[in-house]
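Protein chains in written order, with our numbering: chain G, 2 to 284; chain S, 2 to 284.
All C-beta atoms in this analysis are idealised placements derived from N, C-alpha and C, irrespective of residue type, glycine included.
Note that this is a predicted model, so its numbers are computed, not measured.
Protein chains: 2
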Amino acid sequence: MSQDQNSISRRKFLSGAGTALAGTTAAFIGHGLFFAPQSSAAVNEEFEWPWPYVKLDPEKVRIKGHDGYYDGDCSQGALYAIVSELQEKIGKPYTCLPVQIMGFGGGGVAGWCTLCGALNGACAAISLTSEDFYKLSSELVAWYCETPFPSEKSNELAKNKAFKINKSTKVLEQTVSKSPLCHVSVCKWCKENGCGSGCSDRSERCARMVGDVAAKTVEILNAYHSGSFQAQYSESDLAHSCRACHSKDKSYEVGGWSRGKMDCSGCHIKGESSMVDPHHPDN
Amino acid sequence: MSQDQNSISRRKFLSGAGTALAGTTAAFIGHGLFFAPQSSAAVNEEFEWPWPYVKLDPEKVRIKGHDGYYDGDCSQGALYAIVSELQEKIGKPYTCLPVQIMGFGGGGVAGWCTLCGALNGACAAISLTSEDFYKLSSELVAWYCETPFPSEKSNELAKNKAFKINKSTKVLEQTVSKSPLCHVSVCKWCKENGCGSGCSDRSERCARMVGDVAAKTVEILNAYHSGSFQAQYSESDLAHSCRACHSKDKSYEVGGWSRGKMDCSGCHIKGESSMVDPHHPDN
Numbered sequence: 002m003s004q005d006q007n008s009i010s011r012r013k014f015l016s017g018a019g020t021a022l023a024g025t026t027a028a029f030i031g032h033g034l035f036f037a038p039q040s041s042a043a044v045n046e047e048f049e050w051p052w053p054y055v056k057l058d059p060e061k062v063r064i065k066g067h068d069g070y071y072d073g074d075c076s077q078g079a080l081y082a083i084v085s086e087l088q089e090k091i092g093k094p095y096t097c098l099p100v101q102i103m104g105f106g107g108g109g110v111a112g113w114c115t116l117c118g119a120l121n122g123a124c125a126a127i128s129l130t131s132e133d134f135y136k137l138s139s140e141l142v143a144w145y146c147e148t149p150f151p152s153e154k155s156n157e158l159a160k161n162k163a164f165k166i167n168k169s170t171k172v173l174e175q176t177v178s179k180s181p182l183c184h185v186s187v188c189k190w191c192k193e194n195g196c197g198s199g200c201s202d203r204s205e206r207c208a209r210m211v212g213d214v215a216a217k218t219v220e221i222l223n224a225y226h227s228g229s230f231q232a233q234y235s236e237s238d239l240a241h242s243c244r245a246c247h248s249k250d251k252s253y254e255v256g257g258w259s260r261g262k263m264d265c266s267g268c269h270i271k272g273e274s275s276m277v278d279p280h281h282p283d284n
Numbered sequence: 002m003s004q005d006q007n008s009i010s011r012r013k014f015l016s017g018a019g020t021a022l023a024g025t026t027a028a029f030i031g032h033g034l035f036f037a038p039q040s041s042a043a044v045n046e047e048f049e050w051p052w053p054y055v056k057l058d059p060e061k062v063r064i065k066g067h068d069g070y071y072d073g074d075c076s077q078g079a080l081y082a083i084v085s086e087l088q089e090k091i092g093k094p095y096t097c098l099p100v101q102i103m104g105f106g107g108g109g110v111a112g113w114c115t116l117c118g119a120l121n122g123a124c125a126a127i128s129l130t131s132e133d134f135y136k137l138s139s140e141l142v143a144w145y146c147e148t149p150f151p152s153e154k155s156n157e158l159a160k161n162k163a164f165k166i167n168k169s170t171k172v173l174e175q176t177v178s179k180s181p182l183c184h185v186s187v188c189k190w191c192k193e194n195g196c197g198s199g200c201s202d203r204s205e206r207c208a209r210m211v212g213d214v215a216a217k218t219v220e221i222l223n224a225y226h227s228g229s230f231q232a233q234y235s236e237s238d239l240a241h242s243c244r245a246c247h248s249k250d251k252s253y254e255v256g257g258w259s260r261g262k263m264d265c266s267g268c269h270i271k272g273e274s275s276m277v278d279p280h281h282p283d284n
């Protein structure tokens, strides 16, 4: 059977038998290839997903995240911090993954300043290692929005020249982004620190923040895989009056055309944003 | 040599010799393992990065992207559309990659509605296959902001029941997001269509859009790898007066605390947004 024929028959098998197989964790077909039958989108064949995880040291990962930023930018740096540890401790399949897959996430996707790259890269590590990626990623994002960056631990490491790459020993001022967006996170910090976003202090702030996000991710994964994970930054902690109407669970008429978990007030102010209906009850 | 010692010596080698090796594409050390020496963050060892690419059929990928949405949500669906084709045509290393690595990106990262998941998953495919991921990803994002979704092609496929998964034959209204953010992209479409964001029409709109984004990504990659890529949606097309001051290349004093390529007016209106200095010259 050619590779193409084999692929086609495997797809047929997947689409036809996906429901029957739901609930099993792996199946063995063809010439020794594994796939994850809970998803017909999962045609990867060499290794069963999710990939294995072992407990990692958040402090080692914090340092790697910081240093990884200077090598591959924020998103790749965060993924590298976690995956390189798993490459060392487990080997395959992690040695098959190029961490450059998240290179695009740098600067909130190629400088567009959308999603914080540290979150993007770290969430990829979560998705690689857990079926509960939705819950764990959401926790990480919610934590990020409420956390002062850079952390005191990262500032201390810099002060003591404890990173491998030590570009600054300054204790940097902390800011809380209240947003998972690179644009908001960086701009708030720069305004608080009187710093242009292209300056070296801002780079060092983001490097320390990548380490902090990677370390927190490992804390979440360690807890999850040892059965002790509990969400601490749930959606309900961030919810506010807007979502009583503006939620994907509501009808169009009451405002259900909107959705999301970001803090609305970051962009929508007193009904003045372009996205707010001029007949909003608050106007 | 233990695996740990081997890893340490490899890291030392990388950090010490990275500069000297810059420009080469691969090196061979230790027991038959490859790595990408242009980046000390790249400790992956089994396959050289970027991974090989062959010309793909955008129309086949468009259908796979649509159907992949219903299986693994937007972000995983976009990555699946491209990677599953490369799995069929090339095999390894693509068969080593679980497309679930981008599962977290669904709903703009676990429902947070930040970066559009289709962009997130598609950009991962770009980063996997090209060293120029920054330029190509930026082009894809810029195109997305200016493109009406769902495309006429996707509407036509739905009308003709030409997808594998045909949930609706409706020709859906198109909207242009002017933003790479899920929240903006979805809300604009919902308001235009009188549709709650949790309704099946909105899901079908996003499914078609995932197909459209995956197809465009393949067009970009086909052009790039055949040497004919030219950016058509450059930053300068989107730039406006704000960025003359508010850019990472400017000093703090003239507004260089800001950065990014998103359309400022999506959130900042007439100086009334919380992020705008009350002493802004326009006030």
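Identified DSSP bridge partners for residue i
i, result
"VAL100(S)", "VAL100(S) pairs with nothing; no bridge assigned."
"VAL255(S)", "Paired residues: none, contrary to the question."
"THR176(S)", "PHE150(S)"
"GLN182(S)", "Looking at the sequence shown, residue 182(S) is not Gln but Leu. BP columns for LEU182(S) point to LEU116(S)."
DSSP-derived helix/strand/coil call for residue i
i, result
"PHE48(S)", "coil"
"LEU87(S)", "helix"
"LEU141(G)", "helix"
"PHE230(G)", "coil"
"PHE150(G)", "strand"
"THR170(S)", "coil"
"LEU57(S)", "coil"
"LYS165(G)", "coil"
"LYS160(S)", "helix"
"GLN39(S)", "The pLDDT assigned to GLN39(S) is 38, lower than 50, so where the model puts this residue is not dependable; a value taken from the coordinates is nonetheless given after this. The answer is coil: DSSP assigns GLN39(S) none of H, G, I, E or B."
"MET210(G)", "helix"
"GLU132(G)", "coil"
"VAL110(G)", "coil"
"GLY267(S)", "helix"
"HIS247(S)", "coil"
"GLY124(G)", "In the sequence under discussion, the amino acid at residue 124(G) is Cys, which differs from the Gly named in the question. Residue state, collapsed to three classes: helix."
"PHE200(G)", "In the sequence under discussion, the amino acid at residue 200(G) is Cys, which differs from the Phe named in the question. If DSSP states are grouped into helix, strand and coil, CYS200(G) belongs with coil."
"LEU192(S)", "The amino acid at residue 192(S) is misidentified as Leu; the sequence shows Lys. Three-state result, LYS192(S): helix."
"LYS65(S)", "helix"
"LYS262(G)", "coil"
"LYS217(S)", "helix"
"GLY78(S)", "helix"
"GLY73(S)", "helix"
Residue i burial status per 10 Å Cβ neighbour count (16 or more: buried)
i, result
"VAL172(G)", "exposed"
"SER252(S)", "exposed"
"GLY228(S)", "exposed"
"VAL255(G)", "exposed"
"GLN233(S)", "exposed"
"SER198(G)", "buried"
"LYS162(G)", "exposed"
"SER201(G)", "exposed"
"ALA215(G)", "buried"
"LYS160(S)", "exposed"
"ALA143(S)", "buried"
"GLU147(S)", "exposed"
"GLN231(G)", "exposed"
"SER242(S)", "exposed"
Sequence-distant residues of its chain with Cβ nearer than 6 Å to residue i (five each side left out)
i, result
"GLY33(S)", "With a pLDDT of only 23 at GLY33(S), under 50, the local geometry of the prediction cannot be trusted, and no value is derived from it."
"CYS124(S)", "SER138"
"ASP264(S)", "LYS179"
"LYS249(S)", "ARG260"
"SER128(S)", "PHE134"
"LYS168(S)", "GLU205"
"SER76(G)", "MET103, GLY106, GLY107, GLY118, ASN121, GLY122"
Cut-off 7 Å between Cβ atoms - residues of its own chain near residue i, not counting five sequence neighbours on either side
i, result
"GLU132(G)", "PRO51"
"PHE164(G)", "ILE64, HIS67, ASP68, LEU158"
Same chain, Cβ closer than 8 Å to residue i, five either side skipped, listed in chain order
i, result
"GLU220(G)", "PRO59"
Margin query: Under 8 Å, with one C-beta from each stretch per pair, do the region 88–97 of chain S and the region 209–224 of chain S reach the 3-pair mark?
Written below: no
Notebook entry, point to check: Any contact of the region 134–143 of chain S with the region 94–110 of chain S, i.e. 3+ C-beta pairs under 8 Å?
Noted result: no
Note to self: With three or more beta-carbon pairs closer than 8 Å as the criterion, would you say the region 54–72 of chain S touches the region 182–196 of chain S?
What the structure shows: Flag = no, the region 54–72 of chain S and the region 182–196 of chain S do not touch.
Notebook entry, point to check: Would you call the region 80–87 of chain G and the region 107–118 of chain S in contact, with 3 or more CB pairs under 8 Å?
Noted result: Look at the beta carbons and you see the region 80–87 of chain G not touching the region 107–118 of chain S: under three pairs across the two are nearer than 8 Å.
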